[in-house]
Amino acid sequence: MAEILEYKCPCCGGAIRFDSNTQKMKCPYCDTEFELDTLKQFDEENIEEDRDPGWDGDSVAQSSDELDGEQEGLVTYVCESCGGQIVADRSMAASSCPYCGNSVIVTKQLSGMLRPDFVIPFKLDKKTAENRLKDHFKGKVLLPKLFKSENRIKEIKGIYVPFWLYDCDAQADIRCRATRISSWQQGDYMYTETQHYLVARSGDIGFDRVPADGSLKLDDALMDSLEPYDYSEAVDFQTAYLAGYFADKYDQSAQDCAPRANRRVRESTQNAFMATIAGYATCVPEHMSIQLKQGRIRYALLPVWLLNTVYKGQTYTFAMNGQTGKFIGNLPVDKGRAFAVAGGVFAAATLLSWLLMCFLL
Amino acid sequence: MVNTRISDVRFMKERSVGKMDAVRCAAGFFALFLLCLYSFGLRASANDTKVVDEAGILTSEEEAELQKRLYEIAEEYQSDVVVATVNSCEGMDVQSFTDLYYDRNGYGYGAEIDGIILLVSMQERRFHLATRGSAIDTFTDYGLEVIDDEITPYLSEGEYARAFEKFADLAEDFLEEDEKGLPYDTNHSYRERQIYSLVYFMFALGIGLLAAIVTLVVLFQQLRSVRVKNEARDYVRSGSFQITRANDIFLYRTVSRRKIERENSSGGGHGGGSTTHSAPGGGGRAGGRSGSF
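Structure representation (structure tokens):
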């Protein structure tokens, strides 16, 4: 059963949304601001209201749509404001109505088992994301000139991305073969002594909230590159934060994403322990056992600005961390300029070193 | 009143003329002084004709070009570099003929008549390289052999202009190397030098290639900001890293020894040097090498 939630301004009845600058709810029509604490209660009231059968006006449309929409994973919702039909995929949790532009939140996607443990609210707005995109192009020597001038932002979206956060304890047991080498001169001979050691290290290390995104639609590398987030600013989840943004529920389970987090934990554990072995010329691991004890898994929504731009018919995706402003996205290479730069550097370096050698030797 | 004024003017005029004379005189002395300085600092050869083509085997353009080049080399290093072609040695052996030719035509810089001459005699099909004064040490026996090897093929082919051009190149190279302090000799091989030059050039190419690759990698990396994360060091719980056991056990040792190759210091070695004979007609010592083509 689909339940659509829309925050209505108690003053004027307009749909209100979260404002990242003031970190408050703000009505775009009458500029009234609301504290989120007030909305927490409002939220609870709303859920209670949702249980009222009177609100299920869309149940008929819903049931018929579910039948033919099932195969494609599509669901239809009815907009509370204008009554328009909103077609969305099954994982959509927050969006905007294509007809009236009001923000809609699907409460069923965010309650019960699907309720996130916490959320980091957006701190940076759309304007910042657009400016950061321009900054992103600066100082890139091999970026085609036309890309900067012809490049148009096709789509810009603030999305709360579902993330799994893993707590994990690792127990490591490492054994290495290491050598120390010393050499000295005696008479006409050079002596080299190699001392062989067995080096063993055991210990524990803990990791907190290692993130892995639980969305199939978003590229894992893209989401990894946006890290790190500052978890100290995370707050308890309230649906009100989603008003005005897009959100998906996870479509990869915690079990599906665990290997990615585990791989990272393993790598870092190994690095941490190998770093304690010092003072050897060589060190070759002989035996390595890393036992992971999975701790708490938390479900969080983290803020991401996604930007799509088009250049010569190809789409380029950029992403900005909605909290820290870290901006990422691969850019195309101007091949002609790359050749010119490489050729120039090659010629200059060859000539310079050749002249230098002729002078000095 | 008027008269005195006129005489005053005249007097002044005379005085100014006397001044002009003194300036002219000083300028003349100064010029002479400069000339003296010049002639003391730079010795000149008595004969500026560096190419004598009696056999007529060069075109006038080739001759003019060679003359210009040899003159420049000779003036720069203060040592004569001469190319002469003759129809025959008039019954003398090519060595004596060349030595005499050099003396009779007044070649050579300074008292020791420093210089080298390449004389080609067409009738005997022989050539001779004669060295005098400081050139004897510049062009050692080894050095003359190198020149011989380089120019003989061209002479045999009849490409005289190219042979002489090669001779000019080699002479300049040898003179330059001598000026640096160590002339080409058996202990400072010309061929080795060529190989070193090649190695240096390859090395420079390598550096250039490396620089280009590094630059490209850095510039490409600027455009790539999306990467999968493989580690989680940002998420280590502070204070959770504990080592419960750390053992560094010494197992055994191995010792290997290597004999140190002691190189004989190459700096103290001597080259083959030059063999000399006395030039006919009391012209002093001369070095040289003859060859056929």
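Residue numbers (this note's numbering), protein chains in the order written: chain H, 28 to 388; chain S, 46 to 338. Idealized CB from N, CA, C, for every residue including glycine.
Are the CB atoms of residue j and residue i within a distance shorter than 8 angstroms?
i: SER242/H; j: GLN279/H; result: yes
i: LEU264/S; j: VAL337/H; result: no
i: VAL133/H; j: ALA120/H; result: yes
i: SER380/H; j: ALA291/S; result: no
i: PHE145/H; j: ARG282/S; result: no
i: VAL292/H; j: LEU249/H; result: no
i: THR344/H; j: LEU333/H; result: yes
i: SER122/H; j: ASN129/H; result: no
i: SER209/H; j: ARG272/S; result: no
i: SER229/H; j: ALA199/H; result: yes
i: GLU368/H; j: THR289/S; result: Note that residue 368/H is Val in the sequence shown, not Glu. Cβ distance not < 8 angstroms, so VAL368/H and THR289/S don't count as in contact.
i: TYR152/S; j: VAL128/S; result: no
i: PHE273/H; j: LYS184/H; result: yes
i: LEU296/S; j: HIS223/H; result: yes
i: LEU189/S; j: ARG334/S; result: yes
Spatial neighbours of residue i within its chain, please: C-beta separation below 7 angstroms, excluding the five flanking residues on both sides.
i: ALA299/H; result: ILE232
i: SER179/S; result: SER124, GLU157, ASP159
i: ASP144/S; result: ALA175, ALA324, PRO325, GLY328, ALA331
i: VAL311/H; result: CYS203, ARG204
i: GLY139/H; result: none
Relative to the C-alpha of residue i, which residue among the options is closest?
i: LEU276/S; options: THR221/H, THR296/H, GLY271/H, LEU382/H; result: First, the residue type needs correcting, since residue 276/S is Glu and not Leu in the sequence shown. Here the closest residue by C-alpha is THR296/H.
i: ALA205/H; options: THR49/H, MET119/H, TYR216/H, LEU225/H; result: LEU225/H
i: GLY340/H; options: GLU177/H, LEU319/H, ARG364/H; result: GLU177/H
i: SER234/S; options: PHE246/S, PHE219/S, MET247/S; result: PHE219/S
i: ARG171/S; options: PHE209/S, VAL131/S, VAL271/S, VAL191/S; result: VAL131/S
i: SER301/S; options: LEU269/H, MET315/H, TYR216/H; result: TYR216/H
i: GLY41/H; options: SER259/H, THR219/H, PRO55/H; result: PRO55/H
i: TRP211/H; options: ARG303/S, MET137/S, ARG177/S, GLY336/S; result: ARG303/S
i: ARG325/H; options: VAL331/H, ASN129/H, TYR258/H, THR303/H; result: TYR258/H
i: ASN150/S; options: ILE258/S, ASP93/S, GLY136/S; result: ASP93/S
i: PHE149/H; options: GLY271/H, VAL368/H, ALA305/H; result: GLY271/H
i: ALA285/H; options: GLN321/H, ALA156/H, VAL262/H; result: GLN321/H
i: THR221/H; options: LEU268/S, PHE209/S, GLY101/S, ARG298/S; result: ARG298/S
i: MET347/H; options: GLN68/H, PHE174/H, ASN158/H; result: ASN158/H
i: ARG364/H; options: VAL131/H, ALA302/H, LEU173/H, CYS36/H; result: LEU173/H
i: ILE186/H; options: VAL262/H, ALA375/H, MET52/H, TYR268/H; result: TYR268/H
i: PHE338/S; options: GLU195/S, SER105/S, ILE305/S, ILE258/S; result: GLU195/S
i: TYR218/H; options: GLY333/S, ILE305/S, TYR146/S, THR185/S; result: ILE305/S
i: SER316/H; options: GLN136/H, GLU294/H, CYS127/H, ALA305/H; result: GLU294/H
i: GLN168/S; options: LYS211/S, TYR116/S, ILE102/S; result: ILE102/S
i: THR320/S; options: ALA208/S, ASP279/S, ILE181/S, ALA100/S; result: ILE181/S
So does residue i have its beta carbon nearer than 7 angstroms to some heavy atom of the ligand FMN?
i: ARG236/S; result: Absence of the ligand FMN from the depicted structure is noted, as is the absence of any ligand whatsoever, leaving it without description.
Between which residues of its own chain and residue i is the CB-CB distance below 6 angstroms, once the five residues before and five after are set aside?
i: ASP85/H; result: Here ASP85/H scores only 43 on pLDDT, less than 50, and its place in the model is too uncertain to base an answer on.
i: THR49/S; result: Interpretation of THR49/S is limited by its pLDDT of 43, a score under 50 that renders its predicted location unreliable; the figure taken from the coordinates is listed afterwards. Nothing meets the Cβ criterion.
i: ALA227/H; result: ARG202
i: ASP98/S; result: GLU108, THR130
i: ILE43/H; result: TYR34, CYS36, MET52, CYS54
i: ASP64/H; result: none
So, for residue i: in the same chain, excluding its five sequence neighbours on each side, which residues have a beta-carbon less than 8 angstroms away from its beta-carbon?
i: ALA288/H; result: TRP191, TYR193, CYS195, VAL237, PRO238, ALA239
i: ALA256/S; result: none
i: ARG60/S; result: Low per-residue confidence applies at ARG60/S: pLDDT is 48, beneath 50, and the placement is therefore not dependable, though the value from the model is reported in the following sentence. If we look at ARG60/S and ignore the five residues flanking it on each side, it has no Cβ neighbours.
i: ALA261/H; result: PHE145, VAL146, ILE147, ALA327
i: TYR256/H; result: ILE147, PRO238, LEU329, ASN348, GLN350, THR351
For chain H, check one thing: does any of its Cβ atoms lie closer than 8 angstroms to the Cβ of residue i?
i: ASP279/S; result: yes
i: SER301/S; result: yes
i: GLU222/S; result: no
i: SER319/S; result: no
i: SER310/S; result: Per-residue confidence for SER310/S stands at a pLDDT of 47, beneath the threshold of 50, marking its modelled position as unreliable; no derived number is given.
i: SER270/S; result: yes
Name the one or two DSSP bridge partners that residue i has.
i: ARG179/H; result: VAL337/H
i: PRO312/H; result: CYS203/H
i: SER201/S; result: Answer is none; SER201/S lacks a bridge partner.
i: PHE390/H; result: Here chain H has residues from 28 to 388 only, and residue 390/H is not among them.
i: TYR154/S; result: ASP159/S
i: ASP220/S; result: Sequence inspection shows Leu at residue 220/S; the Asp mentioned does not correspond to that position. Paired residue(s): none; LEU220/S is not in a bridge.
i: HIS322/S; result: ALA331/S
i: MET119/H; result: ASP275/H
Quick check: is the beta carbon of residue i nearer than 8 angstroms to any beta carbon in chain S?
i: PHE386/H; result: no
i: THR342/H; result: no
i: SER280/H; result: no
i: GLU399/H; result: Not covered by the structure: residue 399/H. The range shown for chain H is 28 to 388.
i: GLU220/H; result: yes
i: ILE180/H; result: no
i: HIS314/H; result: no
i: LEU169/H; result: yes
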